[in-house]
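One structure is given below, encoded as structure tokens.
Residue numbers (this note's numbering), protein chains in the order written: chain A, -7 to 398; chain B, -7 to 398.
Below is the structure:
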């Protein structure tokens, strides 16, 4: 019998952890494993906002795939997925085509701009290493330009963050950290720099614990962040944004709008003809697609309903890593024909969000709220545990976050 | 009798050295000394091309004025000179007006664009700290953009340097040094980056020693610099340049044109009604303006004719520093009414130009040609000697160039 071909699309949290687990569990003569990714590195999406602010170098956030994947056991193909043909068990890549017996779709998210005019063209997104690095350089370039131009253009020093979810709030915290250093580098008085958050709801972190949310807002406001809540972004132009609040249209001059208010599943899922719900595959308990016994979906590509609330669980790095355990186990079962497939049960361990400057908030297991240094340390522990799982002690030592006072 | 007011305009090489010398020579009760400068720092113009390439941080190139000027003895006014009214012995500043008994004009150079269309709007110049820092950030931003954009735009990786004089050649050398590091930072294959020099004459460094010039070109070409000589820049657009060579018009796509092909004297001199030659004051032997016994001009604002060749000496940092000795002495003589004023005699010690990457060329005293490490060391000695003169051992230790192998 032919060795089955296992193809994993995407080296995000779910994809790379599945590959790492399979390379440990499977023998080379049992299956051929192929990992496809657009870049030759994996990156921690949850660290990108630090790269985008310039508080952490992007090389700290990315990990060469060959550092954690044993390329004797896993074929690595650096390419971009164009489409999946589940009927033919094929994946079309920009530079080729792959046949699979078992497929794992871990293609991650895309930014959703909800048709807001100008957003796609003029706003920046914290989406990958390239886009995060660009934001950092764009900030620096505008500070340099401000200082260079005779006619001072304050729009160059106004930074607008669209959306007050976890990404937006985390990024505001890093920006508040970064601005004093940026101002020193460019001889700019920091009191004239504005960091502005625009949020549609009446508060940032809507749905999150109100006490912790208030703590976060106070912490950020004390470091100069301005919140405009209950405001809807209407348009993003190269040199300003227009928003509506209380029925009135307002403008803020800015060259830097960072859109952190919406993600959606990768469009390849729906374009490839899978049954989908808002672009995500509503997977079975064993994380397989409803129509195909040989296709798993993971992370942002998988939709899992919380039966208690009848609404979907949020896609988090935590969930994707947990799912990789189930997916790897179930692939083993299919390859070795050992019987039952495991069911995935989410264990929500809670959320910890950094606010920059040695501050953070957390709402972890059993409603334990934390803030300040305790939450900062918890956040670094979570980040470090992931590195340990992914690449062992060596990776942890190279990329871990140890200096809690940085 | 009223204490005379000595006003020094500009804290470039000539101005700041005059101030430093006067604060040593004069007692506080003999005269009031005021130094006016646009920034609260002095900078070494001859190091700016390193800042613009990103091979040296701009803080290494600038020196806070209060670090070398004793502000108990010299009043420092941070302001921009608008005009001089020599008849009324007044200087108009953006935020005030100063009366003088003795004036030193050391306002430096401006870029000359010779009316070439688009150059003023779209090209960059290595003129001051702000413009050099902007070039560095502009390069980084374009490298980030190249990597971010799906449709690859090679114009972002083409860097055009207009002019193959000492500034242009020095900058090409620094760029050749910088590109490998930039490529690593932005994940770009360095073979696709182009550094292109456009020079109107048939060779770079026209008029300089032909052997050393050939050495410089070979050194730079071996590190990937392309020379287009005998070519005239016709237009600079935001995304490309147009030049003419052998009667044909050619285009190079580029977002980064650095114009290093022309300087002229500060326009304030001619606008203030001084008798001038191409914007410079053709000073007497004692460095005073022909029409005014109380006005000295120094550095780029002074024109001094070489009587042997009947053509002007080039304005160099070396000359400005030498002139400051004469100007300071002559101001002393005027204040103390001790008699004769010194005549300035240029001592041309020669030229050493860095080619980056531990290479340089020099043509120093008595036609002694040097290249390679010898010239590199000579260049650093010259730079370090200036710091020693300006601010003593303390300044030399803080800002000097000691690591000859970096």
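Here a beta-carbon is modelled for each residue, glycine too, at the ideal position from N, C-alpha and C.
Which chain A residues are close to residue 122/B, counting only those with a beta carbon under 7 Å from its beta carbon?
Those within 7 Å of residue 122/B in chain A are 139 and 140.
Just the chain B side, please: which residues come within less than 7 Å of residue 125/A by C-beta, in chain order?
The answer, in chain order, is 136.
With H, G and I counted as helix, E and B as strand and the rest as coil, what does DSSP make of residue 390/B?
Helix, per DSSP.
Classify residue 173/B as buried or exposed, calling it buried when 16 or more other Cβ atoms lie within 10 Å of its own Cβ.
Counting Cβ neighbours within 10 Å, residue 173/B comes out exposed, since fewer than 16 surround it.
Per DSSP, which residues does residue 351/B bridge with? Please list them.
Answer is 348/B.
Would residue 38/B and residue 251/B qualify as a contact pair, given that the criterion is a beta-carbon distance under 7 Å?
No, the Cβ-Cβ distance between residue 38/B and residue 251/B is not below 7 Å.
What in chain B is Cβ-close to residue 132/A, meaning under 8 Å?
Per Cβ cutoff of 8 Å: 129, 132 and 133.
When DSSP labels each residue in this structure, what does residue 257/A get in the three-state scheme?
Three-state DSSP puts residue 257/A in a strand.
Going by beta carbon distance, what residues of the same chain come within less than 6 Å of residue 404/B, once the five residues before and after it are set aside?
Residue 404/B falls outside the range modelled here, since chain B spans only -7 to 398, and no answer is possible.
Assuming contact is defined by CB atoms lying nearer than 7 Å, are residue 96/B and residue 319/B in contact in what I supplied?
In contact: residue 96/B and residue 319/B (Cβ atoms closer than 7 Å).
Return the bridge partner residues of residue 11/A from the DSSP annotation.
DSSP lists no partner for residue 11/A.
Could you name the residues of the same chain whose beta carbon sits closer than 7 Å to that of residue 159/A, not counting the 5 residues immediately before and after it, in chain order?
Correct list, in chain order: 41, 118 and 252.
With distances taken between CB atoms, is the gap from residue 238/B to residue 147/B smaller than 7 Å?
Against a cut-off of 7 Å, the Cβ pair of residue 147/B and residue 238/B comes out as no contact.
Straight-line CA distance for residue 150/A to residue 51/A?
Their backbone Cα atoms lie some 27 Å apart in a straight line.
Do you know offhand how far residue 30/B's Cα is from residue 260/A's?
Rounded to the nearest angstrom, the two C-alpha atoms are 57 Å apart.
From which residue to which residue does the beta strand (DSSP E) around residue 154/A run?
Its beta strand (DSSP E) spans residues 150 to 154.
Using the Cα positions of residue 397/A and residue 168/A, report the straight-line distance between them to the nearest angstrom.
Its pLDDT being 49, under 50, residue 397/A is placed unreliably in this model, and the coordinates cannot settle the point.
How far does the alpha helix (DSSP H) with residue 56/A in it extend, from its first residue to its last?
That residue, residue 56/A, is in no alpha helix (DSSP H); its beta strand (DSSP E) goes 54 to 56.
So, are the CB atoms of residue 368/B and residue 354/B less than 7 Å apart?
No, the Cβ-Cβ distance between residue 368/B and residue 354/B is not below 7 Å.
Quick check on this structure: which residue in 228/A, 257/A and 137/A has the alpha carbon closest to the alpha carbon of residue 109/A?
The shortest Cα separation from residue 109/A among 228/A, 257/A and 137/A belongs to 228/A.
Could you check whether residue 4/A and residue 100/A sit closer than 7 Å to each other, using their CB atoms as the reference points?
Yes, they are a contact pair.
Which residue comes first and which comes last in the alpha helix (DSSP H) that contains residue 313/A?
Start and end: 309 to 328.
Between the Cα of residue 74/A and those of 350/A, 86/A and 218/A, spot the shortest distance and give me the residue it belongs to.
Answer by Cα proximity: 86/A.
Whole angstroms are fine: how far does the CA of residue 307/A sit from the CA of residue 6/A?
C-alpha separation (whole angstroms): 11 Å.
What residue range is occupied by the uninterrupted alpha helix (DSSP H) comprising residue 161/B?
Where residue 161/B is concerned, the enclosing alpha helix (DSSP H) stretches over 158 to 177.
Residue 180/A: which of 164/A, -4/A, 145/A and 154/A sits nearest, CA to CA?
It is 145/A.
Count the other C-beta atoms from every protein chain shown that fall within 10 angstroms of the C-beta of residue 337/A, then say buried if there are 16 or more, exposed otherwise.
Counting Cβ neighbours within 10 Å, residue 337/A comes out exposed, since fewer than 16 surround it.
Could you tell me the alpha carbon to alpha carbon distance between residue 357/A and residue 392/A, rounded to whole angstroms?
Roughly 23 Å between the two C-alpha positions.
Can you tell me which residues form a DSSP beta bridge with residue 289/B?
Per DSSP, 97/B.
What residue does the alpha helix (DSSP H) around residue 137/B start on, and which one ends it?
Counting along the chain, the alpha helix (DSSP H) containing residue 137/B begins and ends at 121 to 140.
Can you name, in chain order, every residue of its own chain whose Cβ lies under 8 Å from the Cβ of residue 202/A, other than the five neighbours on each side?
The residues are 195.
By Cβ distance, which residues of its chain are closer than 7 Å to residue 212/A, with the 5 residues on each side in sequence left out?
Counting only Cβ-Cβ distances below 7 Å, and skipping sequence neighbours, we find 164, 165, 168 and 347.
For residue 5/B, which three-state DSSP category applies?
In the structure shown, residue 5/B sits in a helix (DSSP, three-state: H, G or I).
Short of 6 Å in beta carbon distance, which residues of its chain neighbour residue 292/A, apart from the five on each side in sequence? Order them along the chain.
Taken in chain order, the residues that qualify are 100, 101, 257 and 307.
Does DSSP classify residue 361/A as helix, strand or coil?
The answer is strand: DSSP assigns residue 361/A an E or B state.
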